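All remarks here apply to the structure that follows.
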Amino acid sequence: MKNDEIAKILFEIGEYLDLENIPFKPRAYQSAALSLDNLEKDIEDIYREKGLKGVQEIPGVGKSIALKIEEYLKTGKVEYYEELKRKKPIDVKNLTKIEGLGPKRIDFLNKELGIRNVAELREAIEKSKLKELKGFGEKSQKNILESIAFMESSGLRYLISEVAEDVDIILERLKKLKEVKKIEVAGSFRRRKETVGDIDILVASPFSHKIMDEFVSLPGIVRIWGRGETKSSVRMKKGYDIDLRIVMEDSFGSALQYFTGSKEHNVALRRLAISKGYKLNEYGLFKNDLYKAGKKEEDIYEKLGLQYIPPELRENRGEIEAAIKFKLPKLIELKDVRGDFHTHSSFAGTLISMEDIVLRAMQKKYEYIGISDHTKELKIENGLDEKRLALQEKEIRKLNEKYKIKIFHGAEVNILKDGSFDIKNSALKELDFVNIGIHTNFKMNKKDMTERVLKAMSNPYVTCLTHPTGRIVNRRGAFNIDLEKIFKFAKTNNILLEINSSERLDLNDYNIRSAKEKGCKFFINTDTHALKQMDRMKYGVYQARRGWVTKEDVINTLPVREIEKFLKKK
DNA sequence: GCCGTTTTCGGCCCGACTGTTTTCAGTCG
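So for the first sequence, numbering that gives the first Met the number 0 puts the first residue at 0; every next one is plus one.
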């Protein structure tokens with residue numbers, strides 16, 4: 000989609016204008032960029048269908064920016080942007096990533112030392128030129144150099160599943176202190192964003208010394224960035240930072256709201272507060288300087304006349320408007336899930352027996368469990384052919400007799416390059432459910448890939464399309480596919496879409512929401528290849544929540560009788 | 001440059017911290 004490309008250009012225009020110290024325009028460009036980034040529809044389609052007027056309907060896009068978007072769609076370039084780059088050939092995008100450097104200082108460094116990019120900045124520091132400048136010194140020079148080094152060594156964001164364990168340990172340790180009255184994780188971790196840059200932990204307490212002492216002596220810390228009365232930061236072994244903030248109990252709710260973000264949500268919320276004659280900050284909600292709320296987060300939303308907004312929805316993607324009308328969906332919860340339809344057993348490629356899977360499912364108090372091994376094309380997974388699938392059926396029947404939990408027999412069938420399957424319909428017919436997914440030939444153009452998947456979905460035995468975009472967070476991007484068409488087809492033909500809880504997290508939050516809006520239903524599955532992975536269901540549920548999904552949208556929340564009916568219809 | 005149940009003109013979120021100053025600009029979240 001051109002959306003990203005244009006968003007990037009608009010964002011950078013904002014950064015260049017920032018360098019020139021122009022007020023307000025930078026924000027205008029950057030909010031238009033954000034809005035474009037969040038757009039569900041393809042900007043090219045919008046322009047084709049509704050022209051310039053349609054483009055102007057995008058929030059934050061007025062006449063001037065719409066014209067620039069049109070120019071890009073027609074010529075592949077925005078002259079205004081090219082001119083800004085010519086005038087100031089500075090790599091603003093990467094320079095602003097360096098901590099302690101913003102537009103003003105970048106422009107200053109360019110004027111004083113002619114610095115245009117990170118490499119030249121590093122060179123200047125190595126020659127100790129920076130610290131001679133007005134407003135810079137030994138310390139800022141050192142900090143900048145460290146930030147460059149860190150950026151070059153990692154730069155990635157972390158999956159929440161990668162940091163969750165550390166977070167749990169820290170919370171448990173700090174909770175034990177009697178000085179800690181309340182404690183919560185805030186930031187993007189609390190919003191359950193798929194990846195986080197750092198972790199924010201918030202504590203309510205009147206005494207802070209002991210808490211800070213404990214915090215900076217936690218296991219896994221490699222360095223301490225700062226240590227103050229109310230705020231300290233540490234760098235963890237894995238490479239990310241944890242910030243701890245201590246506030247008074249009366250401000251805990253407002254601080255939690257503030258530090259949970261997102262930034263965009265907070266900006267919108269504060270605007271709303273102002274329009275109602277309030278002032279909102281991390282210390283509380285005030286009217287005429289009188290404290291009105293702040294102890295509990297819920298009170299702030301209530302005083303503003305809003306339904307409580309769960310953290311997962313706080314992205315300024317319509318949640319405030321919905322909360323004004325008390326029309327927020329009741330989001331799905333982990334406890335609503337009654338089974339898992341994507342597990343791989345040792346009958347094919349993994350090390351876990353079907354019985355292990357069944358026992359683990361019972362431990363989780365599931366009502367049912369689906370076993371879905373790969374089919375034969377996936378040699379590496381020892382994929383099953385028709386014969387072995389029939390053998391597996393016998394084993395599963397035995398297990399069904401032995402245990403109370405209902406075991407469904409399925410498969411994860413490969414969608415071949417031409418959209419056909421690597422296994423016969425006669426075998427699929429015998430299964431309780433059929434997942435289909437792409438595991439090979441990722442590199443196709445959008446049209447061919449879409450046709451391939453649509454053809455696969457037209458097979459009458461298909462229950463669910465697994466990991467529909469093929470992406471793996473931080474590792475592999477989505478393949479080219481027209482999701483709008485896929486979602487429409489899924490809705491019409493009653494095919495479920497998978498919310499995959501593994502590091503794929505596929506569908507992602509945006510796609511989930513757009514599928515839901517088209518009336519699609521989902522499976523949330525773990526894609527288990529090792530027993531422990533059956534525990535990651537929660538990450539799929541988080542994504543679902545971020546996609547505004549309710550229990551009713553997810554088929555594996557149904558009681559066993561109803562899900563049997565659902566599957567039999569296929 | 002964008003936007004509108006006080007406005008088509010005049011606003012645009014806000015407080016803390018850092019490193020540098022000697023009262024504050026710039027940056028961050």
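Note that the Cβ used here is the ideal one computed from N, Cα and C, for glycine as well. Every value quoted in this text rests on a predicted model; they were computed, and no experiment measured them.
- With a Cβ-Cβ cutoff of 8 Å, do K209 and E178 count as a contact? yes
- Message: What does DSSP give as the partner residue(s) for L495 in the beta ladder?
- Response: C463
- With a threshold of 16 other CB atoms inside 10 Å of the CB of Y365, please say whether the residue is buried or exposed. buried
- Message: On the CB-based measure, 16 or more other CB atoms within 10 Å of its CB, does E11 come out buried or exposed?
- Response: buried
- Task: Note down, in chain order, each residue of its chain lying with its Cβ closer than 6 Å to the Cβ of R535, except the 5 sequence neighbours on either side.
- Result: S500 and T525
- Query: What do you reckon, are the CB atoms on I572 and M361 nearer than 8 Å?
  - Reply: Lying before the first or after the last residue shown, residue 572 is absent from the chain, which here runs from 0 to 569.
- Contained alpha helix (DSSP H) runs [length at least 4] in the region 10 to 64, N- to C-terminal order: The qualifying runs are 24 to 36 and 42 to 55.
- Task: Enumerate, from N- to C-terminal direction, the unbroken alpha helix (DSSP H) stretches of 4 or more residues contained entirely within the region 198 to 286.
- Result: Counting whole runs of 4 or more residues, the region 198 to 286 contains the alpha helix (DSSP H) stretches 208 to 214, 251 to 259 and 262 to 274.
- Determine the burial state of K133: buried for a count of at least 16 other Cβ atoms within 10 Å of its Cβ, exposed for fewer. Counting Cβ neighbours within 10 Å, K133 comes out exposed, since fewer than 16 surround it.
- Message: So, does the region 156 to 173 touch the region 508 to 526, judging by three or more C-beta pairs under 8 Å?
- Response: They do not touch, by the three-pair rule.
- Terminal residues of the continuous beta strand (DSSP E) containing N434? F432 to G436
- Message: Suppose the cutoff is 7 Å on Cβ atoms and the five residues either side in sequence are ignored; what does the same chain contact list for G559 look like?
- Response: The sequence as given places Val at residue 559; Gly does not occur at that position. E366, Y367 and K405, listed in sequence order.
- Query: To which residues does DSSP link K611 through a beta bridge?
  - Reply: One cannot answer for residue 611 here, as it falls past the ends of the chain, which runs 0 to 569.
- How do the region 267 to 280 and the region 303 to 318 stand: do at least 3 beta-carbon pairs fall below 8 Å, yes or no? Proximity of the region 267 to 280 to the region 303 to 318 meets the contact definition, three or more beta-carbon pairs being nearer than 8 Å.
- Query: What number of angstroms, rounded off, separates the C-alpha of K515 from the C-alpha of N424?
  - Reply: 29 Å
- Query: Excluding sequence positions up to five away, which residues of its chain have a Cβ less than 6 Å from the Cβ of K416?
  - Reply: Excluding its 5 nearest sequence neighbours in each direction, K416 has C-beta neighbours in its own chain below 6 Å: N440, listed in chain order.
- When DSSP labels each residue in this structure, what does V548 get in the three-state scheme? coil
- Task: Tell me where the alpha helix (DSSP H) around F107 begins and ends.
- Result: P102 to L112
- Cα-Cα separation, E400 to K334: 26 Å
- Residue burial classification, K192 (beta-carbon count within 10 angstroms, cutoff 16): Its Cβ being crowded by 16 or more others within 10 Å, K192 is buried.
- Pairwise C-alpha distance: E385 and K569: Between the alpha carbons of K569 and E385 lies a gap of roughly 19 Å.
- Task: Go through its chain and collect everything with a Cβ distance to R189's Cβ below 6 Å, but skip five positions before and after it.
- Result: T259 and P310
- Task: Output yes or no for whether 8 Å exceeds the beta carbon distance between R244 and L201.
- Result: yes
- Find out if the Cβ-Cβ distance for the pair E161, K237 is shorter than 8 Å. yes
- Message: Please classify D508 as buried or exposed, where buried requires at least 16 other C-beta atoms within 10 Å of its C-beta.
- Response: buried
- Taking one C-beta from the region 52 to 67 and one from the region 139 to 152 each time, how about it: are there three or more such pairs within less than 8 Å? no
- Label L327 either buried or exposed according to how many other C-beta atoms from any shown protein chain fall within 10 Å of its C-beta, with 16 as the threshold for buried. buried
- Item | Reference G186; option with closest CA among S207, Y257, S127 and T229 | Y257
- Compare the C-alpha of I97 against each of K87, V77 and R121 and name the closest. Closest in alpha carbon position to I97, among K87, V77 and R121, is R121.
- For V246, is the classification buried or exposed, using 16 other Cβ atoms within 10 angstroms of its Cβ as the cut-off for buried? Under this definition V246 is a buried residue.
- Query: Between K363 and Q391, what straight-line distance do the alpha-carbon atoms span, to the nearest angstrom?
  - Reply: 23 Å
- Alpha carbon to alpha carbon, how far is L284 from S231? Give it in angstroms, no decimals. 25 Å
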